[in-house]
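*Asks:* Sequences listed follow chains P and B, in order.
So that you can map any letter, position 99 of the first sequence is 165 in the working numbering, and since no number is skipped, the others follow by simple counting.
So that you can map any letter, position 103 of the second sequence is 104 in the working numbering, and since no number is skipped, the others follow by simple counting.
All residues carry an ideal CB built from backbone N, CA and C; glycine is no exception.
It should be emphasised that the depicted structure is a prediction, and the values quoted were computed from it without experimental measurement.
Below are the structure tokens for one structure; questions will follow.
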Amino acid sequence: MSTDTQKLKSLWQSLPSQTVVYSHEQMRERADRFQAKHKRRDAMEYLGFAGLIGLIGFYLMQRADWQALTASALAILGAMVMFWNFYRLAKVKTLPTSNSSQTTLDYMRSELTRQRDAAATAWKWYILPFVPFAIFSTVFRWMEEGETLTELTNFRLVILLMFVAFVAIMISLLFWQFLKAARYQRQLDELGFGTPG
Amino acid sequence: MVEKAASQDAQYDKASIEFGEAIGRLAYAYERDPDKRKDLIQDIHFAIWRSFKIFDGRSSVRTWVYRVAHNTGASHILKNKRISQNSFLNIDDVGEIADHTDYVHAFERIDQIDQLMALIQRLGPVDRQIITLYLEGLDGAAIGEIAGLNPGAVATKIHRIKYKLSKIFEKGDTHVHRHTKA
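Next comes the structure, spelled out in structure tokens:
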């Protein structure tokens, strides 16, 4: 076995590799690019939020009754909760090198736990905030269409299909996120055998 | 502030010279595609350079560098779940071969490296780290400090992985005999 081990070590150490030293300027440029990328992403999110507010404003200009106001308030509230979470999670991701020098076992545990929790709770931060808006809009639109609540007009059919599509997308997203969370949990379980040193 | 940046740069320069080759080899364990491997090596260097901003000397530079490098590799495999299986080493990748006319051994060597890489790349991040550090020549205590395992657990893991790796040479010897007979 020890001869084989030596052979393996020499095989490994014969892999072509050369010392590369990057200049400090290259490193600083890369750090700047990294920061710029995050700033761009933040800017896109703020723009998205501003766009949504603009759309709601435009809608309110068309009809400023209590139902429209309530739906708009719910949409804005949902968007605010979602963007606040974007901001909060992005801040965690861009923390400086805080955990890069942990032992690999700790690093893997913290990374997998973070990703598992993010996947398992994504519905809470990105889907749930819009549920009140979706339900209110659907019910309100349904009721707005005549006095007989059970009659299925073309407009109500469209509303119903939109709601079903919304629910279907939400369920698919939930399922996909739970699968992701389960995969991270499996990977965490596989790490479990390691005894911290 | 300026002093800190200068110290960060100086520590990076020293570490990249001392561990540059090991970092290059380590990248093989995490990425098979040559172009992506170059990017990974640059990512590792960047992570090491950044990390020296907060290096407090509580661990040795070697432990620190290997931890940062392997954690960057582990992040790489977490981000890229599907690692390319279609890229294989070619003869230029194998380094110098003593006797250039000895093609049987040259190809044998490529085959062994391919098998070694295939096995390493199938391992989980922690096992992958342990075996590459072992192949780099680090002892159990040093590996344990880097990976976060006690020396006993490291020894058990090394023993198991070595057993699997030794199969590569058993198969290799069979191939050589077959070529020689032919």
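#1: What is the C-beta distance between P/Thr85 and B/Ile18, in whole angstroms, given that I count them as a contact (C-beta under 8 Å)?
#2: Please determine, among B/Ile24, B/Val155 and B/Ala7, the residue with the shortest C-alpha to C-alpha distance to B/Ile131.
#3: Mapping the DSSP letters down to three states, classify B/Leu120 as helix, strand or coil.
#4: Is it buried or exposed for B/Trp50, if we count other Cβ within 10 angstroms and need 16 for buried?
#5: Under 8 Å, with one C-beta from each stretch per pair, do the region 213 to 224 of chain P and the region 235 to 243 of chain P reach the 3-pair mark?
#6: Which of the three DSSP states, helix, strand or coil, is assigned to P/Leu218?
#7: Determine the closest residue to P/Ala188 out of P/Leu223, P/Met236, P/Met209 and P/Val224, with distance taken between C-alpha atoms.
#8: Checking 8 Å against the spacing of the C-beta atoms, do B/Leu134 and B/Ile147 come in under that value?
#9: Determine the contact status of B/Gln122 and B/Ala48, defining contact as a CB-CB distance below 8 Å.
#10: Identify, in the order they occur along the chain, each residue of the same chain with its Cβ nearer than 7 Å to the Cβ of B/Ile55, setting aside the five sequence neighbours on each side.
#11: Kindly indicate which three-state DSSP category B/Leu134 falls into: helix, strand or coil?
#12: Does any residue of chain B bring its CB to less than 8 Å from the CB of P/Lys65?
#13: Taking B/Trp50 as part of the alpha helix (DSSP H), name the residues at either end of that continuous run.
#14: Does P/Asp183 have its Cβ less than 8 Å from a Cβ in chain B?
#15: Skipping 5 residues on each side, what residues in its chain have a beta carbon closer than 8 Å to that of P/Phe202?
#16: If I measure Cβ to Cβ from B/Ala183 and keep anything under 6 Å in the same chain, skipping five residues before and after, which residues do I get?
#17: Taking only heavy atoms of the ligand MN into account, decide whether any of them is closer than 7 Å to the Cβ of B/Glu19.
#18: Let's see if you can read the secondary structure: which residues bound the alpha helix (DSSP H) around P/Arg107?
#19: Would a C-beta distance cut-off of 8 Å place B/Lys158 and B/Asp128 closer than the cut-off?
#20: Return the residues of the region 205 to 221 of chain P that lie within a Cβ-Cβ distance of less than 9 Å from chain B, sorted by chain order.
#21: B/Gly58 CB to nearest chain P CB: under 8 Å?
#22: What are the start and end residues of the alpha helix (DSSP H) that includes B/Lys80?
#23: At a Cβ threshold of 8 Å, is P/Leu81 touching chain B?
#24: Between the region 66 to 81 of chain B and the region 32 to 41 of chain B, can you find at least three pairs of beta-carbon atoms closer than 8 Å?
#25: So with Cβ pairs under 8 Å, would you call P/Leu257 a contact of chain D?
#26: Quick one: is B/Val127 near chain P, going by C-beta distance under 8 Å?
#27: In angstroms, rounded to a whole number, what distance separates the CA positions of P/Ile193 and P/Glu91?
#28: Between P/Asp108 and chain B, is any beta-carbon pair separated by less than 8 Å?
#29: Report yes if the CB atom of P/Ala247 is closer than 8 Å to the CB atom of P/Ala185, and no otherwise.
#30: For P/Leu171, would you say it is in contact with chain B, using Cβ-to-Cβ distances shorter than 8 Å as the test?
#31: From B/Gly25 to P/Ser83, what does the alpha carbon distance come to, in whole angstroms?
#32: Would you mind sorting B/Gly153 into buried or exposed? The rule is 16 or more other CB atoms within 10 Å of its CB.
#33: Say whether chain B places a C-beta atom closer than 8 Å to the C-beta of P/His90.
#34: From the DSSP output, in three-state form, read off B/Asp140 for me.
#35: Please go through the same chain and pick out, in chain order, the residues whose beta-carbon is closer than 6 Å to the beta-carbon of B/Leu27, but skip the five residues on each side of it.
*Replies:* In terms of the structure at hand:
#1: In the first sequence, residue 85 of chain P corresponds to position 19, counting from 1. In the second sequence, residue 18 of chain B corresponds to position 17, counting from 1. Rounded, the Cβ-Cβ distance is 6 Å, consistent with contact.
#2: In the second sequence, residue 131 of chain B corresponds to position 130, counting from 1. Checking every option, the nearest Cα to that of B/Ile131 belongs to B/Val155.
#3: Taking the second sequence and counting its residues from 1, one reaches residue 120 of chain B at position 119. In the three-state reduction of the DSSP assignment, B/Leu120 falls in the helix class.
#4: Counted from its first residue, the second sequence places residue 50 of chain B at position 49. Buried, since its Cβ has 16 or more Cβ neighbours within 10 Å.
#5: no
#6: Locating residue 218 of chain P in the first sequence gives position 152, counting from the first residue. Reduced to three states, the DSSP call for P/Leu218 is coil.
#7: Taking the first sequence and counting its residues from 1, one reaches residue 188 of chain P at position 122. Relative to P/Ala188, the option among P/Leu223, P/Met236, P/Met209 and P/Val224 whose CA is nearest is P/Met236.
#8: Taking the first residue of the second sequence as 1, we reach residue 134 of chain B at position 133. Taking the first residue of the second sequence as 1, we reach residue 147 of chain B at position 146. Yes. Within cutoff.
#9: In the second sequence, residue 122 of chain B corresponds to position 121, counting from 1. In the second sequence, residue 48 of chain B corresponds to position 47, counting from 1. Contact flag unset, no.
#10: Residue mapping note: residue 55 of chain B aligns to position 54 of the second sequence, counting from 1. Closer than 7 Å at Cβ, skipping near neighbours: no residue.
#11: The residue you call residue 134 of chain B lines up with position 133 of the second sequence. Looking at B/Leu134 - three-state DSSP - the assignment turns out to be helix.
#12: Since the first residue shown for chain P is 67 and the last is 263, residue 65 of chain P is missing from the structure and cannot be characterised.
#13: Indexing the second sequence from 1 puts residue 50 of chain B at position 49. Per DSSP, B/Trp50 belongs to the alpha helix (DSSP H) from Pro35 to Ser52.
#14: Numbered from its first residue, the first sequence carries residue 183 of chain P at position 117. Not one chain B Cβ lies under 8 Å of P/Asp183.
#15: Translated into the one-based positions of the first sequence, residue 202 of chain P becomes position 136. Once the five neighbours on either side are set aside, the close Cβ partners of P/Phe202 are Thr136, Ala137 and Leu140.
#16: Locating residue 183 of chain B in the second sequence gives position 182, where the first residue counts as 1. Residue placement at B/Ala183 is flagged as unreliable, the pLDDT there being 36, under the threshold of 50; the coordinate-derived value follows with that caveat. Hits under 6 Å: none found.
#17: Ligands displayed in this structure: none; no statement on the ligand MN is therefore possible.
#18: Here residue 107 of chain P refers to the residue found at position 41 when the first sequence is read from its first residue. Counting along the chain, the alpha helix (DSSP H) containing P/Arg107 begins and ends at His90 to Gln128.
#19: In the second sequence, residue 158 of chain B corresponds to position 157, counting from 1. In the second sequence, residue 128 of chain B corresponds to position 127, counting from 1. The answer is yes: Cβ separation under 8 Å.
#20: none
#21: Residue 58 of chain B sits at position 57 when you count from the first residue of the second sequence. No, because no Cβ of chain P sits closer than 8 Å to the Cβ of B/Gly58.
#22: Counting from one through the second sequence, the residue named residue 80 of chain B turns up at place 79. Element bounds for B/Lys80: Val62 to Lys80.
#23: Taking the first residue of the first sequence as position 1, residue 81 of chain P is located at position 15. It does: the Cβ of P/Leu81 has a partner Cβ on chain B nearer than 8 Å.
#24: yes
#25: The chain labelled as chain D is not found among the protein chains of the depicted structure, namely P and B.
#26: Here the question's residue 127 of chain B lines up with position 126 in the second sequence. Interface with chain P (8 Å Cβ-Cβ cutoff): B/Val127 is included.
#27: Within the first sequence, residue 193 of chain P is the residue found at index 127, counting from 1. Within the first sequence, residue 91 of chain P is the residue found at index 25, counting from 1. Rounded to whole angstroms, P/Ile193 to P/Glu91 spans 43 Å at the Cα level.
#28: Walking along the first sequence from the start, residue 108 of chain P turns up at place 42. Chain B, which has no Cβ nearer than 8 Å to the Cβ of P/Asp108, makes this no.
#29: The sequence position of residue 247 of chain P within the first sequence is 181, counting from 1. The sequence position of residue 185 of chain P within the first sequence is 119, counting from 1. In contact: P/Ala247 and P/Ala185 (Cβ atoms closer than 8 Å).
#30: Here the question's residue 171 of chain P lines up with position 105 in the first sequence. So, interface residue.
#31: Taking the first residue of the second sequence as 1, we reach residue 25 of chain B at position 24. Taking the first residue of the first sequence as 1, we reach residue 83 of chain P at position 17. Whole-angstrom Cα-Cα distance: 5 Å.
#32: For this step, residue 153 of chain B is matched to residue 152 along the second sequence. Its Cβ having fewer than 16 others within 10 Å, B/Gly153 is exposed.
#33: Start at 1 with the first residue of the first sequence, and residue 90 of chain P comes out as number 24. Interface residue, yes.
#34: For the purposes of this step, residue 140 of chain B is taken as the residue at position 139 of the second sequence. Coil.
#35: As a first step, residue 27 of chain B is located in the second sequence; it is residue number 26 there, counting from the start. Counting only Cβ-Cβ distances below 6 Å, and skipping sequence neighbours, we find Ala70 and Thr133.
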